[in-house]
Amino acid sequence: MKFPKVYSLETIATIIGSEYVGDANFPVTGMNEIHVVEAGDIVFVDHPKYYDKALDSAATIILINKNVDCPDGKALLISEDPFRDFNKLTKYFKPFQFSNASIATSASIGHGTVIQPNTFIGNHVVIGENCLIHSNVSIYDHTVIGDNVIIHAGTILGADAFYYKKRAEGFDQLLSGGRVVIEDNVGIGALCTIDKGVTGDTRIGEGTKIDNQVHVGHDTVIGKKCLIASQTGIAGCVIIEDEVTLWGQVGTTSGITIGAKAVIMGQTGVTKSVEGGKSYFGTPIEESREKLKQLANIKKIPELLNKIK
18 MKFPKVYSLE
28 TIATIIGSEY
38 VGDANFPVTG
48 MNEIHVVEAG
58 DIVFVDHPKY
68 YDKALDSAAT
78 IILINKNVDC
88 PDGKALLISE
98 DPFRDFNKLT
108 KYFKPFQFSN
118 ASIATSASIG
128 HGTVIQPNTF
138 IGNHVVIGEN
148 CLIHSNVSIY
158 DHTVIGDNVI
168 IHAGTILGAD
178 AFYYKKRAEG
188 FDQLLSGGRV
198 VIEDNVGIGA
208 LCTIDKGVTG
218 DTRIGEGTKI
228 DNQVHVGHDT
238 VIGKKCLIAS
248 QTGIAGCVII
258 EDEVTLWGQV
268 GTTSGITIGA
278 KAVIMGQTGV
288 TKSVEGGKSY
298 FGTPIEESRE
308 KLKQLANIKK
318 IPELLNKIK
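Taking the numbering used here, the leading residue of the sequence shown gets 18, the next gets one more, and so forth.
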């Protein structure tokens, strides 16, 4: 998430009520998760296991719960609870905006686009030309949709990330201030859910086609001309490169990459990153030829046991 202007370190510290280490005028231009940070961004860290990763990241402002040596060229925000204070910044820069109309007055809808009844279009949504949005679709604030996109009934774009911190009293939600971006010529089936990024974008690439009842987690990036069949569940922060095929009931873990032109067969659990240009099957995932050989060999076990007897 980029801020509307450059803020000083001192100003950001005042917003969240924290101490800071560094020049009071140190420039702060945004906030982001660690896998997508760049210079000028704030990243938060609240566990010793990840201190070094955050301090060594591209982020130049680290929101941290320990007094540590400040790396050269960077600044620190010292907080008792970085998770809480990251949420404060999201509320400050991307507060929830109430809507009192089915189509917000701030939404932009391109020429030739058809919006069927009972669809909700939130604040600052941008929809391109010649799209078809079927009934009972919900498009949350700040979503961006390109040209020639078809979205079928009951689909939701922009729900919150499934991202929680366990506390003694229950689970504390990390607030989502990101967006969903749908590129040109995308087709999305009925009853799909695509979560917005925590601070960045969840993106569906040009020409990708998504079947009914598919879930896409926060900050996931899906490439161009992918095919994703029904009942597939894609976790957060996944990268799916161009022309990947995911058949029905595939599930993935978070933070992995599926290489270009990979084919993932039905009911596969994608538990790790996989190379492109190959076919995969099973849980844990393996190349499909190897996995099918293993299954064939398993069927021979009773015969082998009888021979041993």
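Beta carbons are placed, not taken as given, at the ideal position from N, Cα and C, and that holds for glycine.
query: Of the listed residues H151, N42, N104, nearest to Q190 (C-alpha basis); result: N104
query: Cut-off 6 Å between Cβ atoms - residues of its own chain near T107, not counting five sequence neighbours on either side; result: L192, G194
query: Straight-line gap, T237 to I221 (C-alpha atoms, nearest Å); result: 8 Å
query: Selection from D63, N49, I95 that minimises the alpha carbon distance to I10; result: Residue 10 falls outside the range modelled here, since the chain spans only 18 to 326, and no answer is possible.
query: Same chain, Cβ closer than 6 Å to V23, neighbours up to 5 away in sequence not counted; result: P44, T46
query: Alpha-carbon spacing of K83 relative to E97, whole angstroms; result: 8 Å
query: Length of the line joining the Cα atoms of P112 and I281; result: 39 Å
query: I156 and V142 closer than 8 Å at C-beta; result: yes
query: Residues bridged to Q190 (per DSSP); result: Y181
query: Close Cβ partners of G294 (< 8 Å) along its chain, the five nearest in sequence each way excluded; result: G276, A277, K278, A279
query: Start-to-end residues for the beta strand (DSSP E) that takes in I173; result: 173-176
query: Range covered by the alpha helix (DSSP H) that runs through I17; result: Not covered by the structure: residue 17. The range shown for the chain is 18 to 326.
query: Best match in T136, C254, H151, M48 for proximity to A332 [C-alpha to C-alpha]; result: In the structure displayed, the chain extends from 18 to 326; residue 332 sits before or after that span and is not available.
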